[in-house]
Each structure stands twice: as structure tokens, then as C-alpha cells.
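Visitor: Taking UniProt numbering, the leading residue of the sequence shown gets 1, the next gets one more, and so forth.
The beta-carbon is built from N, C-alpha and C at its ideal position, and this holds for glycine as well.
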Amino acid sequence: MAKPLARIAGDLLDEHGTTYAQQASIDLADRPAPLFQLLVLANLLAARIGADIAVAAARELWDAGLTTPRTCAPRRTASASPRRLPPLRREHCHPPGPHVRAAARGLRR
């Protein structure tokens, strides 16, 4: 007989300790701020850096007050100014192929 999911999760936590969300001090709840924090943490964990560095980076963001999209927005737009973006190179810009144009026509219908 298969174990219930709650028991599997409990066994994993007993064996490995805490979750990344707990390590990043995210109080999981069905509210916008913790869900945003979990999304940010997931993006950091997906980067090519160690999990401990990703969790530490997330905690630094929370400590800086960047816990919601609204608190991140002014900093995000400032860092995305055209002066900081690398120039587009002609070889990286390709016109859409026939499959992309066909898919776009399907979306317009």
C-alpha cells in the first residue's frame, strides 16, 4: 500500500531537516507576499549557484525590504535602464520563421 503524501513529506523532512523556504525565512501562507517570496526563491534556486547561496541571497532581499512585487518595482525599473542593458547585436536578431508566423495567425483568430 502506498504511503500518504503527508507521511512521505514528513519522512523527507525528518531525514533532511528543513525546507529551502524555512531556511529563507518564508512563512508559507496563501497570501501574496509569501507566494511572491517563494517565486523569487524558486528563481534563485534555479540559477547556476549553490542552494545555500540562493537561500542567503533571498534572505538578503527580505532583509532589504524587497518582499513584494511593489517593493521590488522601483529598483527593477532603475536597474533595467537602457544604459545598463547590453546593445543588441545584429546576429542575435532574427525575423520570425514561418512556424512562428503561423502560430501568431492562429492566436489572432
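(1) Would you mind reading off the limits of the alpha helix (DSSP H) that contains Ile26?
(2) Please tell me whether Leu28 and Leu38 are closer than 8 Å, where the distance is taken between their beta carbons.
(3) Between which two residues does the alpha helix (DSSP H) carrying Ile53 extend?
(4) Using 8 Å for Cβ pairs, my map puts Leu44 next to Ala54. What's the rounded Cβ distance?
(5) To the nearest angstrom, report how far apart Leu41 and Ala21 are at their CA atoms.
Guide: In short, the structure shows the following:
(1) Start at 1 with the first residue of the sequence shown, and residue 26 comes out as number 26. It is not in any alpha helix (DSSP H) - Ile26 carries neither H nor E in the DSSP assignment.
(2) Against the sequence shown, residue 28 aligns to sequence position 28. Against the sequence shown, residue 38 aligns to sequence position 38. A contact, by the Cβ cut-off of 8 Å.
(3) Taking the sequence shown and counting its residues from 1, one reaches residue 53 at position 53. Looking at the DSSP string, the run of the alpha helix (DSSP H) that includes Ile53 is 51-63.
(4) Position 44 of the sequence shown, counted from the start, is the residue given in the question as residue 44. Position 54 of the sequence shown, counted from the start, is the residue given in the question as residue 54. About 4 Å; that satisfies the 8 Å criterion.
(5) As a working mapping, residue 41 is identified with position 41 in the sequence shown. As a working mapping, residue 21 is identified with position 21 in the sequence shown. Each residue's Cα considered, the two are about 8 Å apart.
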